[in-house]
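Peer 1:
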Amino acid sequence: MPLHGEYDPSPTEWVREQVALYEATDGVEGGTFLDLPVIILSHKGAKSGKIRKNPLMRVQHDGTYAVVASNGGGPLPVWYQNLVANPLVELQDGALKQDMVAREVSGEEKAEWWKRADAAYPDFVQYRATAGREIPVFVLEPVEG
C-alpha cells in the first residue's frame, strides 16, 4: 500500500466499528449499508497527514470505481478535502485491496457516473435534491505500474 502513516480511526463510533469489522472479515461482515454493498476508502488527511478510513457506497463499472461526496445531502464530508489534497488512496472491496488515484469528474463523465451511482444507491437522488450544493464525484483508477 502506498499510503504510509499512522491510522487515526474515525471519531464517529459507527464508522470506526464498521471499518474494523469490514477489515477483520474482508467485508463478509460490515460490508453493507442498508443492505447495499460498501467499500472501504483509505486516504491521507489533508491537515494531519494521518491515514483515515471511510465505508462508502460501492459504485463500480468495469473495474473502475467512483465515490460520492454526498454526506447524506449535508455539508461536504471531511474526506473530500483529503482526496483533493492527496489523491492517492487505497480501496478495499471485499478481500480485494487496490492502490488507486482519485480524480474529481465533471460534465458528461460525471453524468454517466451519477447514473451508475443512483443505480447502486438510489438515495443519492434525494441527497442531490436536498444538499443545496453540487455533490462532488471522484473516479478511482488503478495506480499505474
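In this text, residue positions in the sequence shown follow our numbering: the first is 1183, and each later residue adds one.
Beta carbons are placed, not taken as given, at the ideal position from N, Cα and C, and that holds for glycine.
Would a C-beta distance cut-off of 9 Å place residue 1299 and residue 1260 closer than the cut-off?
Peer 2: no
Peer 1: Thinking C-beta only, is residue 1203 closer than 9 Å to residue 1211?
Peer 2: A Cβ-Cβ contact shorter than 9 Å links residue 1211 with residue 1203.
Peer 1: For the candidate residues 1275, 1193, 1323, 1318, whose alpha-carbon lies nearest to that of residue 1289?
Peer 2: 1318
Peer 1: Suppose contacts are defined by Cβ-Cβ distances below 9 Å. Is residue 1285 in contact with residue 1323 by that definition?
Peer 2: yes
Peer 1: What's the gap between the Cα of residue 1236 and the Cα of residue 1224?
Peer 2: So the alpha carbons of these two residues sit roughly 7 Å apart.
Peer 1: Run through DSSP, which three-state label would residue 1210 get?
Peer 2: DSSP places residue 1210 outside both helix and strand once states are collapsed to three, so it counts as coil.
Peer 1: Kindly list the residues whose CB is nearer than 7 Å to the CB of residue 1198, restricted to its own chain and excluding five residues on each side of it in sequence; keep chain order.
Peer 2: 1191, 1192
Peer 1: Give the range of the alpha helix (DSSP H) segment to which residue 1265 is assigned.
Peer 2: 1260-1267
Peer 1: Which residue wins for smallest C-alpha separation from residue 1144, given the options 1247, 1227, 1293?
Peer 2: Given a span of 1183 to 1327 for the chain in the structure shown, any question on residue 1144 remains unanswerable.
Peer 1: By how many angstroms is the C-alpha of residue 1232 removed from the C-alpha of residue 1184?
Peer 2: One C-alpha to the other measures close to 13 Å.
Peer 1: For the region 1261-1319, which segments carrying the alpha helix (DSSP H) assignment without a break, of at least 4 residues, lie completely within its bounds, in sequence order?
Peer 2: 1289-1302, 1305-1313
Peer 1: Please list the terminal residues of the continuous beta strand (DSSP E) segment that includes residue 1236.
Peer 2: 1233-1239
Peer 1: Compare the Cα-Cα distances from residue 1268 to each of 1320, 1303, 1205, 1245 and report the closest residue.
Peer 2: 1320
Peer 1: What is the residue span of the beta strand (DSSP E) that residue 1192 lies within?
Peer 2: Neither: residue 1192 is in no beta strand (DSSP E) and is coded neither H nor E.
Peer 1: Check whether the Cβ atoms of residue 1302 and residue 1218 sit closer than 9 Å, and answer yes or no.
Peer 2: Going by C-beta atoms, residue 1302 is nearer than 9 Å to residue 1218.
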